[in-house]
Amino acid sequence: MAAPLVPKLLRAHLSDLASNDARLDDRGQWDGRETKLEIGVLPRAEGSARVTMGNTIVLAGVKFQIMTPYPDRPNQGGLMCSCEVRSIAGRHWENGPPSPQSIELGRVVDRGIRESGCIDVDDLCIIPGEKAWQVILDLHAISDDGNLFDAFALAGIAALRNATIPAERFEIGEDTPLKVSKTPIMCSYHKVGGRFVYDASYREELGGDERIHITLGDDDHVHSLQKGLKGIFTADEFAEIMEHAKSRCSELRDMVNG
Amino acid sequence: MGGYGDVQMIDENGLRMDGRKPGDVRPITIETGVVPVADGSCRMTWGTNEAIVAVYGPMEAHPRKIQRQDRAVLDVTYNMAPFSTTDRIRPGFNRRSREISKVTADALESVVLLELYPRSKIRISIEITSAEAGTRCVGLTAASVALADAGIPMTDLVVSVASGKINDVVVCDLNKEEDNYGEADLPMGVLPNSGELVFLQMDGDLSPDEFKQAWDYNIDAAMEVHKLMVDALKGGEN
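So the sequences go chain by chain: A and B.
End of the first sequence sits at 260 in this note's numbering; the numbers just go up one at a time, nothing left out.
End of the second sequence sits at 245 in this note's numbering; the numbers just go up one at a time, nothing left out.
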C-alpha cells in the first residue's frame with residue numbers, strides 16, 4: 003500500500019464530527035454498515051462466501067490438498083489461511099509481494115479461526131503419518147472501503163461452514179461436509195477523532211489512529227486480539243469495546259449459523 | 008491441447024456435451040458498477056467463468072520512469088484467484104498470467120485514446136474468480152466494458168471469443184473438457200464496429216478450411232456478445 007499523505011483536513015473534520023457524536027456517513031458510534039452474506043458463490047471452490055459491508059466486498063474460497071502430516075503430529079491435518087489484497091480492491095493497493103498490511107490481515111483472521119478450535123485437525127487425518135487433508139482458506143478482497151478484517155473473518159468462517167471435503171475427486175471415499183464446530187466472529191474498532199468507533203470506513207481508517215480487533219467464539223470466549231497502528235488506549239476504552247463486541251458478535255454469529 | 012482425439016465430444020446429432028451446436032456460445036451475463044470504490048468495473052460470467060474487472064484512473068503514473076510524455080500508459084494485470092480452478096493456484100509470480108496481462112494490454116492500447124492523458128496511468132485489474140476455459144477472452148471483454156463504465160474514451164469496445172476443434176469438428180467457445188481434449192484453440196479480439204482485430208493467438212492444428220470456419224465463428228459470436236455488452240452499459244444489468 004502506498005503510504006497516503008496524512009490528510010490533516012480530514013483528521014480535523016473527523017475530530018469535529020466526533021465531538022458532535024457524528025460520523026462521516028451519519029452512523030452512530032457503534033453502528034455497523036449494512037452487512038450481506040452470500041454462500042456458495044464460487045463454483046470452483048469447495049466452500050465459498052461473499053460478504054458485502056457497505057462498499058466493502060470480499061470473497062472467501064476453501065480448497066483442499068493432500069499433505070504429509072508433520073513428523074511431530076502424525077495424526078493431524080492442517081489449516082492454512084491466506085489473504086491477498088490485490089490492485090482490484092482500491093487505488094491504494096498495489097500488486098506485488100504481499101505487503102505487511104495484507105500479511106497482518108491474513109494472520110489475524112487465521113488466529114481467530116484456528117484458536118477457536120472450530121476445525122478439529124485430528125479429524126483431517128487420512129492415514130496417520132502419511133496422508134492428511136490440508137484445508138486452505140483463501141481470502142480475496144474485491145472492493146476495500148474499510149474494515150477488511152471483519153469482512154474477511156466473516157466470509158472466512160462462512161466459507162468453511164459451507165465446505166465439502168472432495169474425497170471422491172482424490173479417490174479416497176465419499177465427499178463429506180467439513181466439520182466446523184464453532185463460529186468465531188471478529189469485530190474491529192478504530193480510534194477516529196479521539197474515540198473508538200465500530201466498522202470504520204476507508205476514510206475513517208485514513209484519518210484515524212490505532213485499531214483493535216477482537217475475535218470472540220461461542221459463549222464469548224476470546225480467541226484473538228490485535229492492536230494495530232500507532233496510538234494509546236485505556237483499560238476503560240477496551241472494556242467498552244469488549245461489551246459492544248459481545249453483542250455484535252452474537253448478531254453476526256446468528257447470521258452465519260442462519 | 009491434450010490431443011486425445013479418441014474422447015467422443017460430439018454426438019450423432021452434431022451436438023456437444025453441454026447440448027450446444029458447434030457455433031453456439033455459452034450463456035453470458037454482464038453487470039457494471041460491481042466494485043463500488045473503482046472508477047469503472049464489470050462482472051462478466053461466461054459459462055462457469057467469472058471475471059471481475061476494476062478500472063482506476065487516469066491517475067498519476069508512478070514511478071515516474073513509466074510515464075510517457077505524449078500518452079497514458081495502461082497497467083493491466085490478469086490474475087487467477089487461488090480458488091478459481093479445481094486444483095488451488097499458488098498466489099504469486101506466474102509466466103502465464105504475465106503473458107496474458109501483456110497481450111490484454113496490447114489489445115486495449117489499440118482502442119483507448121491514450122494521447123488524451125499524457126503522463127498518466129490507467130490501471131486495469133482483471134481477477135478471474137472462476138475458470139472454465141477461455142478466461143483470457145472473458146477478461147479482455149470484461150476489461151473493455153469496465154473501461155467504458157469508467158468513461159475512458161475508446162474507439163470501440165473489444166469482444167474476445169475463442170473457437171477451436173474437437174473430434175475434427177470446428178466449434179465456437181470451447182468449454183473446459185473441450186479445451187482439455189481439443190485439437191486447436193483460436194482466441195481473437197474483435198472490434199465489433201469495424202470488424203478489425205486487436206488480439207490474436209492460436210495453438211494446435213487447423214487446416215485452411217477449418218481455420219476459416221473458426222475465424223467466422225469468432226466474428227459472428229463477437230457480434231452477438233457485443234449486443235449484450237451494449238445492453239449492460241446502457242441499462243446497468245442485462
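The C-beta atom is built at its ideal place from N, Cα and C for all residues, glycine as well.
Taking C-beta to C-beta, are residue i and residue j nearer than 8 Å?
i, j, result
"T37/A", "S145/A", "no"
"I59/B", "T136/B", "yes"
"A157/A", "V53/A", "yes"
"R197/A", "Q31/A", "yes"
"V197/B", "V237/B", "no"
"K2/A", "G119/A", "A question about residue 2/A goes unanswered here, because the residues of chain A that appear run from 3 up to 260."
"V83/B", "A68/B", "no"
"D175/B", "V118/B", "no"
"I115/A", "C85/A", "no"
"N182/B", "A140/B", "yes"
"R143/B", "P194/B", "yes"
Of all the CB atoms in chain A, is at least one closer than 8 Å to the CB of residue i?
i, result
"N86/B", "yes"
"Y93/B", "Note on identity: in this sequence residue 93/B is Thr, with Tyr being the wrong assignment. Cβ-Cβ to chain A under 8 Å: yes for T93/B."
"R130/B", "yes"
"T142/B", "no"
"P89/B", "yes"
"M66/B", "yes"
"F63/B", "Looking at the sequence itself, residue 63/B is Tyr, so the reference to Phe does not match. Closer than 8 Å to some Cβ of chain A, the Cβ of Y63/B qualifies, so yes."
"A149/B", "no"
"I59/B", "yes"
"E134/B", "yes"
"P70/B", "no"
"A79/B", "no"
"S104/B", "no"
"T111/B", "no"
"E244/B", "Low confidence applies here, because E244/B scores a pLDDT of 46, under 50, leaving its location unreliable; read the following figure in that light. No, E244/B does not count as interfacial toward chain A."
Mapping the DSSP letters down to three states, classify residue i as helix, strand or coil.
i, result
"R255/A", "helix"
"V176/B", "strand"
"C189/A", "strand"
"V41/B", "coil"
"K241/B", "helix"
"M24/B", "coil"
"V152/B", "helix"
"I234/A", "coil"
"D152/A", "helix"
"N187/B", "helix"
"C120/A", "coil"
"D74/A", "coil"
"M16/B", "coil"
"H142/A", "strand"
"A169/B", "strand"
"G260/A", "coil"
"Y124/B", "coil"
"A47/A", "coil"
"I167/A", "strand"
"E207/A", "helix"
"M236/B", "helix"
"R197/A", "strand"
"S40/A", "The amino acid occupying residue 40/A in the given sequence is Glu; Ser does not appear at that position. Looking at E40/A - three-state DSSP - the assignment turns out to be strand."
"M69/A", "strand"
Could one say the Cβ of residue i lies closer than 8 Å to chain B's Cβ atoms, at least one of them?
i, result
"N1/A", "Because chain A in this structure spans residues 3 to 260, residue 1/A falls outside the shown range and cannot be described."
"K65/A", "yes"
"A134/A", "no"
"L81/A", "no"
"L39/A", "no"
"E86/A", "yes"
"I68/A", "no"
"V29/A", "Before going further, note that residue 29/A is Arg rather than Val in the sequence given. No, R29/A lies away from the interface with chain B (no Cβ there is under 8 Å from its Cβ)."
Which same chain residues end up closer than 7 Å to residue i when comparing Cβ atoms and leaving out the 5 residues on each side of it in sequence?
i, result
"E122/B", "D77 and R78"
"G131/A", "P71 and P76"
"A161/A", "G49, S50, A51, A62, G63, V64 and L139"
"C127/A", "P71, N77, Q78, G79 and A134"
"M7/B", "As displayed, chain B neither begins before 8 nor continues past 245, which places residue 7/B out of reach and without an answer."
"G42/A", "S50 and N164"
Within the same chain, show all residues whose beta-carbon is closer than 6 Å to that of residue i, passing over the 5 residues directly before and after it, in chain order.
i, result
"V123/A", "Q78 and G79"
"M51/B", "I37, A58, V145 and A149"
"A228/B", "V32, V168 and C179"
"G47/B", "V62, A153, D156 and A157"
"G211/B", "M8, E190, A191 and D192"
"T217/A", "G114, P186, M188, H225 and S226"
"A153/A", "V53, M55, T58 and V60"
Counting only the same chain and skipping the five closest in sequence on each side, list residues whose C-beta sits under 8 Å from that of residue i.
i, result
"A169/A", "G175, E176, D177 and T178"
(request) May I ask you to list, following chain order, the residues of the stretch 147-168 of chain A that have a beta carbon less than 8 Å from some beta carbon of chain B? (result) D147
(request) Check each residue of the stretch 119-131 of chain A: if its Cβ is closer than 7 Å to any Cβ of chain B, include it; give the result in chain order. (result) none
(message) Against chain A, which members of the stretch 149-178 of chain B pass a CB distance test of less than 8 Å?
(response) none
(request) Note down, in chain order, all residues in the stretch 29-46 of chain B with a beta-carbon under 9 Å from any beta-carbon belonging to chain A. (result) V41, V42, P43, V44, A45 and D46
(message) So if I threshold CB-CB distances at 7 Å, which residues from the stretch 87-113 of chain A count as touching chain B?
(response) R88, S89, I90, G92, R93 and N97
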